[in-house]
Every structure is written in structure tokens, then in C-alpha cells.
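Participant: Chains as they are written, first to last, in this note's numbering: chain A, 1 to 210; chain B, 1001 to 1210.
Sharing a structure here in C-alpha cells format.
There are 2 protein chains.
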Amino acid sequence: MSSVSADDDGHEPITRMKSRDRRELILEAATGVFGDYGYVGATTDQVARAAGVSQPYVVRMFGSKEKLFLEVLRRALDALLSTFRTVLAENSRTELPRYFGRAYVDLLNDRGLLLSLMHAFVLGSDPVIGRAAREGFLEVYEFMRNEAGFGPEQTREFLAGGMLINTMVGLRMSDEFDTNETVRELLTIALPEKLDLLLHLGKTQRPTSK
Amino acid sequence: MSSVSADDDGHEPITRMKSRDRRELILEAATGVFGDYGYVGATTDQVARAAGVSQPYVVRMFGSKEKLFLEVLRRALDALLSTFRTVLAENSRTELPRYFGRAYVDLLNDRGLLLSLMHAFVLGSDPVIGRAAREGFLEVYEFMRNEAGFGPEQTREFLAGGMLINTMVGLRMSDEFDTNETVRELLTIALPEKLDLLLHLGKTQRPTSK
DNA sequence: CTACTAAGTAATCATTCGATTACCTCTTAA
DNA sequence: TTAAGAGGTAATCGAATGATTACTTAGTAG
């Protein structure tokens, strides 16, 4: 969730914002909340609170919870792809996989981003979200094959590694890092360098109440 | 979901069963439903209908939706591990990875089994389900390392490949197989042989109403 | 037979949640 | 200065859902 004023509770001088800016704020908050609870599990009220606005405002601004999630998904994919494109532009072709890997793990800094993606990837049965999720995954696949010039097996390896990382994150496996030897082993294996990054995201904050 | 009398609607001579058997039936139905809609998205009523019993009966038999899901998760893990143990016992150590891979994909025959696992793996933030899911994943990891004798990198590769397959299934990517060239490419790459199996599971049946 | 137990349901309740409505109040252009 | 539009909320609604309660009825042991 937003690192600044996580619990934007109370009624501090809610400064009026241009709706574009407010929209941005809400999308960031929503990314965090959807990442933590999933599409179905998250409530528009949680998003509203995290963004410091009222629940009806969230719904009205995006039309529906579903449309809000679709925007979150879209933004997450854009962030992922644009990150990769930057990496692609700044590095030589050799060693590219390693750099992509690093960049991917770096995306964990944007709390909720990869988690929201992950949640979308499991919603294949949903008529509208499922379609969007499939198309999103395919975009990434096509980027690898066509833009980055990865071969089939190289692509498979990369995507598979990414899904393993996603799973570790989705499971909040890092929460158990210093209490469980096996977890340490697993995470060390699963994360290509950058283990420290995962660990310093802070233990998953658990809002006790919805 | 159950292949026989999928929609056990109406009030056909509901033969009374020993509760052990009924329990089994409900667990199978629940595996399918949870696989399709996820823990939060699935309703106890959907499970009940799929099992051909009333909703209160489902809740009473398992205590709560949460406990029901935990049992589904437990069974899925047991099925996975016992399958692997069988493979392990029947084959020589060399070529083991390939056989595990096949066995894993074969598990797709048990509709909902891998999907339910996948759904659990994304619930890390849930206090009780998250813990169970982490422990479950660790069981699989430890099996690979200790029982199957996989090395670290070999284990990583295997788990990563598994997560990629899970993602393809969760996304219902195969639904698009014959309408999208890229999907064909992706699935061919992602699935080590056994592609046909994934394709013949039947297009995800979509009950239009909950 | 009969009475008891286990299998199973109908009815209904309390909550939760997304959405809608009706309203308020800043900001700003003329 | 003021009207109007944009930013924003309080109140509330209806549907969905997990759970509970109070029953009914099929087996089955004696």
C-alpha cells in the first residue's frame, strides 16, 4: 500500500484535487489492496480508505469495481513492459536475461504491482477479467519473443522463473525467512540475486480489520 | 467437477449415503468449484449444488467454508505428493525430472486439483490459509530436495516449470488454442509434451449463473 | 414393529458489499 | 461577486452469502 500516510484516516484538511491526480492516487491504492486481497477479496471500501476518499467516490470514478481492477491490471502491465523496454534499450543483447531478471525483481518495490498481476493470472474463468489477463500475459510473451529476441526455450525459462517468483511473493514466503531454515533455502534458490530486496519490503502489513 | 450428472438438480431419489461417502463427494465437488472460482469467489452454495446436497449440509459437515477449503488443499497436496512418490518408486533416478513433469501434467485430469492449489498459493496474506499454503509448498519443496534427491538448481527449474503450467491453466489459456496462433506457440513451449492432455480437458465449462 | 440415530433440508438471519441517490462545498471564470 | 461546474460525501438500498436453527425422514438395531 502507499508508503506515505498508510492509514489516511480521520478528516484532515482533505485538499481538493484535480480528478486526474485523485485518480492516480486511487489507482496506486487499489494496486496495493488488490495485491493483498485479490480481485474478489478486496473491497472498494478498502481501496477508498487506502486512498483517503469515500467509497462511493471510488465506484463513481471508475464505474465499477471490475473496471477499476482492469485499469490496475493495465497499469501493471504497462509498468512491466516499459521497464523491460528500458532495460532492453540500455543493455547489450548478451546478458539480457540476467538484467531482465533483476528488473523484474526490482518491480517488487512497487508494492502490489506483481501481486495484482498474479491475482489476475488466476482469474481465467472470469469472462471479462480472464480475457484481459490472457491478453496481458501474451503481450509479455510477445515482447520476449519479438522485441527482446528470446528463443522459445529461453522465453520459457524466463517466464517460468518469473512465475516462481510470483508464487513466492503471493505466498508471502519471505515472512517466514528468519524463522524457517527451509524457507531460507527455497528463497535463496528461487530468487536470482536480489533476495535482500524481497526481504526488505517489510513484513506483509496485516490490517486486522477490513 | 463431477463428470456424472453434473447438474444434480431436481429432487431425484436422493439416496441416503454414509456421511463418509457424502463427504468424499462434497470434497470432490468443492475441489472443482474452488478451482474455478477461487476460495473467496466460490460459494458454499455452488459447492452444495455441484455435490447434489443442500448448502447448510456442506457448512455443517465441515464447520465453515474456510475449513472446507483447508481440506481441499490438504487433499490436493496429498494427491500431488503421493503421485510423485509413486513415480519415484517406479522409475530409475535418471530421467526422473521428465517423469515428474509428465505426472504433474497428468494431475490436470483431476479437474480443479492444481487450480485449487494455485488459488491457495496466492492467498499468502490470509492468516490461516496463507500459513497452510506456505507449509504445503514447502512440503513439495522438501520432497524434491530430500526424497527425490534433486539438487537446488534442478529443484528450482522443476518448481518454476510447474508454476508456469499452473499459470497457463489458471489463465485458461487453452481456451484460446485454436483461435490464436501465439497461444499455440506459448502453450507448445510451456508444456513439456502432454499438450494434448491440456487441450482435451474440455473448454472451461462456464455456468452462466452462480 | 418400533424407537432411536444418522442423514439431510427448509427457512431464515445477520452481515457485507457494490452501487445509487441526493446532497454539500470548494474553486474559478466572467 | 457570483453562478456554475467539478470534487466529494453521507445515507441508504438490494442482493448475495455464510451460518444457524429447527425440523423431517430414512435406515437399522433390538
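We put the CB at the ideal spot given by N, CA and C, even for glycine.
Between the Cα of R111 of chain A and those of A:P56, A:E139 and A:L199, spot the shortest distance and give me the residue it belongs to.
Facilitator: In the first sequence, counting from the first residue as 1, residue 111 of chain A sits at position 111. Checked all of A:P56, A:E139 and A:L199; the closest Cα to R111 of chain A is A:L199.
Participant: Buried or exposed for S92 of chain A, please, with buried defined as at least 16 other CB atoms from any protein chain shown within 10 angstroms of its CB.
Facilitator: Position 92 of the first sequence holds residue 92 of chain A. Its Cβ having fewer than 16 others within 10 Å, S92 of chain A is exposed.
Participant: Quick one: measure Cβ to Cβ for G38 of chain A and H119 of chain A, integer angstroms, because I've assumed they're closer than 8 Å.
Facilitator: Locating residue 38 of chain A in the first sequence gives position 38, counting from the first residue. Locating residue 119 of chain A in the first sequence gives position 119, counting from the first residue. With 8 Å as the limit, G38 of chain A and H119 of chain A qualify as a contact, their Cβ atoms being about 4 Å apart.
Participant: Work out the CA separation of S1125 of chain B and Q1072 of chain B for me, nearest whole Å.
Facilitator: Within the second sequence, the letter at position 72 stands for residue 1072 of chain B. Within the second sequence, the letter at position 125 stands for residue 1125 of chain B. Residue identity check: residue 1072 of chain B is Val in the sequence provided, not Gln. In a straight line, the C-alpha of V1072 of chain B is about 19 Å away from that of S1125 of chain B.
Participant: Below 8 Å, can you find three or more Cβ-Cβ pairs linking the segment 103-110 of chain A to the segment 68-84 of chain A?
Facilitator: Result yes; three or more Cβ-Cβ pairs closer than 8 Å.
Participant: Does P1152 of chain B get closer than 8 Å to chain A when you measure Cβ to Cβ?
Facilitator: Counting from 1 along the second sequence, the entry for residue 1152 of chain B is found at position 152. Taking Cβ atoms only, chain A reaches closer than 8 Å to P1152 of chain B, which makes this a yes.
Participant: Between B:R1145, B:G1149 and B:D1175, which has its C-alpha nearest E185 of chain A's C-alpha?
Facilitator: One-based indexing of the first sequence puts residue 185 of chain A at position 185. Ranking B:R1145, B:G1149 and B:D1175 by Cα distance to E185 of chain A puts B:R1145 first.
Participant: With contact counted as at least three CB pairs below 8 Å, one residue from each stretch, are the segment 1155-1167 of chain B and the segment 150-161 of chain A in contact?
Facilitator: Touching, yes.
Participant: According to DSSP, simplified to helix, strand and coil, what is K1065 of chain B?
Facilitator: Numbered from its first residue, the second sequence carries residue 1065 of chain B at position 65. If DSSP states are grouped into helix, strand and coil, K1065 of chain B belongs with the helices.
Participant: For chain A, is any of its Cβ atoms less than 8 Å away from the one on M1250 of chain B?
Facilitator: Nothing in the structure corresponds to residue 1250 of chain B, since chain B is present only between 1001 and 1210.
Participant: Using a 10 Å radius around the Cβ and a threshold of 16 neighbouring Cβ atoms, would you call L201 of chain A buried or exposed?
Facilitator: What you label residue 201 of chain A is simply residue 201 of the first sequence in a count that begins at 1. Its Cβ having fewer than 16 others within 10 Å, L201 of chain A is exposed.
Participant: Which residues of the segment 101-135 of chain A have a Cβ closer than 7 Å to any Cβ of chain B? Give them in chain order.
Facilitator: Per Cβ criterion, the list reads M118, H119, F121, V122, G124, S125, G130, A133 and R134.
Participant: What residues in its chain sit with their C-beta under 7 Å from that of K1121 of chain B, if we drop five residues either side in the sequence?
Facilitator: In the second sequence, counting from the first residue as 1, residue 1121 of chain B sits at position 121. In the sequence on display, residue 1121 of chain B carries Phe and not Lys. Once the five neighbours on either side are set aside, the close Cβ partners of F1121 of chain B are A1133 and F1137.
Participant: Using only the alpha-carbon positions, how far apart do G130 of chain A and R1172 of chain B sit?
Facilitator: The residue labelled residue 130 of chain A in the question sits at position 130 within the first sequence. The residue labelled residue 1172 of chain B in the question sits at position 172 within the second sequence. One C-alpha to the other measures close to 8 Å.
Participant: What distance in whole Å lies between the Cβ atoms of F1069 of chain B and F1034 of chain B, which are believed to be in contact at a cut-off of 8 Å?
Facilitator: In the second sequence, the residue the question calls residue 1034 of chain B occupies position 34. In the second sequence, the residue the question calls residue 1069 of chain B occupies position 69. Indeed they touch by this definition, with Cβ atoms about 6 Å apart.
Participant: For V40 of chain A, decide whether its Cβ has a neighbour in chain B, counting only Cβ atoms nearer than 8 Å.
Facilitator: Start at 1 with the first residue of the first sequence, and residue 40 of chain A comes out as number 40. At least one chain B Cβ lies under 8 Å of V40 of chain A.
Participant: Considering only the alpha carbon of each residue, which of B:K1194, B:I1026 and B:V1140 lies closest to N1109 of chain B?
Facilitator: Working through the second sequence from its first residue, we reach residue 1109 of chain B at position 109. When each option's Cα is compared against that of N1109 of chain B, the closest is B:K1194.
Participant: So, helix, strand or coil for H1200 of chain B, using DSSP?
Facilitator: By 1-based counting over the second sequence, the position of residue 1200 of chain B is 200. DSSP places H1200 of chain B in coil when its eight states are reduced to three.
Participant: Give me the Cα-Cα distance between Q154 of chain A and F143 of chain A, rounded to the nearest whole angstrom.
Facilitator: If you number the first sequence from 1, residue 154 of chain A lands on position 154. If you number the first sequence from 1, residue 143 of chain A lands on position 143. Rounded to whole angstroms, Q154 of chain A to F143 of chain A spans 13 Å at the Cα level.
Participant: From the DSSP output, in three-state form, read off A148 of chain A for me.
Facilitator: Residue numbering aside, residue 148 of chain A sits at position 148 when the first sequence is read from its first letter. A148 of chain A: coil per DSSP, three-state reduction.
Participant: At what residues does the alpha helix (DSSP H) containing S19 of chain A begin and finish?
Facilitator: The residue you call residue 19 of chain A lines up with position 19 of the first sequence. Taken as a continuous stretch (DSSP letters only), the alpha helix (DSSP H) holding S19 of chain A covers S19 to G41.
Participant: Run through chain B and tell me which residues come within less than 8 Å of D45 of chain A, C-beta to C-beta.
Facilitator: For this step, residue 45 of chain A is matched to residue 45 along the first sequence. Here the premise fails: no neighbours, minimum Cβ distance about 15 Å.
Participant: What number of angstroms, rounded off, separates the C-alpha of E1176 of chain B from the C-alpha of S54 of chain A?
Facilitator: Here residue 1176 of chain B corresponds to residue number 176 of the second sequence, with the count starting at 1. Here residue 54 of chain A corresponds to residue number 54 of the first sequence, with the count starting at 1. Distance between the alpha carbons of E1176 of chain B and S54 of chain A is about 40 Å.
Participant: If distances are taken between C-alpha atoms only, which option among B:L1117, B:T1043 and B:A1042 comes closest to R1075 of chain B?
Facilitator: Walking along the second sequence from the start, residue 1075 of chain B turns up at place 75. The candidate whose alpha carbon is nearest that of R1075 of chain B is B:L1117.
Participant: Could you name the residues of chain A that V1072 of chain B contacts, counting a contact when the two beta carbons are closer than 9 Å?
Facilitator: Your numbering for residue 1072 of chain B matches position 72 in the second sequence. Within 9 Å Cβ-Cβ: nothing; V1072 of chain B doesn't reach chain A, min ~15 Å.
Participant: Is it buried or exposed, V47 of chain A, if we count other Cβ atoms within 10 angstroms and call 16 or more buried?
Facilitator: Within the first sequence, residue 47 of chain A is the residue found at index 47, counting from 1. Burial call: buried.
Participant: By Cβ distance below 6 Å, which residues in the same chain neighbour Y1141 of chain B in space, the five residues on each side in sequence not counted?
Facilitator: Start at 1 with the first residue of the second sequence, and residue 1141 of chain B comes out as number 141. There are no such residues.
Participant: Quick one: list the residues of chain A neighbouring A1190 of chain B, beta-carbon separation under 7 Å, in chain order.
Facilitator: Sequence index remark: in the second sequence, residue 1190 of chain B carries index 190 (1-based). In chain order: R156.
Participant: Between which two residues does the alpha helix (DSSP H) containing E1139 of chain B stretch?
Facilitator: On the second sequence, position 139 is the one that residue 1139 of chain B refers to. Looking at the DSSP string, the run of the alpha helix (DSSP H) that includes E1139 of chain B is P1127 to E1142.
Participant: Which word fits R1020 of chain B, buried or exposed, when buried means at least 16 other C-beta atoms lie within 10 angstroms of its C-beta?
Facilitator: Counting from one through the second sequence, the residue named residue 1020 of chain B turns up at place 20. That one is exposed.
Participant: Closer than 8 Å between beta carbons: that is the criterion. Which residues of the segment 11-34 of chain A meet it against chain B?
Facilitator: Against chain B - using a Cβ distance shorter than 8 Å - the segment 11-34 of chain A contributes no residues.
Participant: Return helix, strand or coil for R1093 of chain B, following the three-state DSSP convention.
Facilitator: Start at 1 with the first residue of the second sequence, and residue 1093 of chain B comes out as number 93. It is coil, neither helix nor strand.
Participant: List the residues of chain B whose Cβ lies closer than 7 Å to the Cβ of F160 of chain A, in chain order.
Facilitator: Position 160 of the first sequence, counted from the start, is the residue given in the question as residue 160 of chain A. It is worth fixing the name first, because residue 160 of chain A is Ala in this sequence and not Phe. By Cβ distance, chain B contributes A1160, G1161, M1163 and L1164.
Participant: Flag V140 of chain A as yes if its beta-carbon sits less than 8 Å from any beta-carbon of chain B, otherwise no.
Facilitator: The residue given as residue 140 of chain A occupies position 140 in the first sequence. No, no contact with chain B.
Participant: So for K194 of chain A, helix, strand or coil by DSSP?
Facilitator: Working through the first sequence from its first residue, we reach residue 194 of chain A at position 194. It is coil, neither helix nor strand.
Participant: Could you check if L1107 of chain B belongs to the surroundings of the ligand COA, using beta carbon to heavy atom distance under 7 Å?
Facilitator: Of ligands this structure carries none, so the ligand COA is not represented either.
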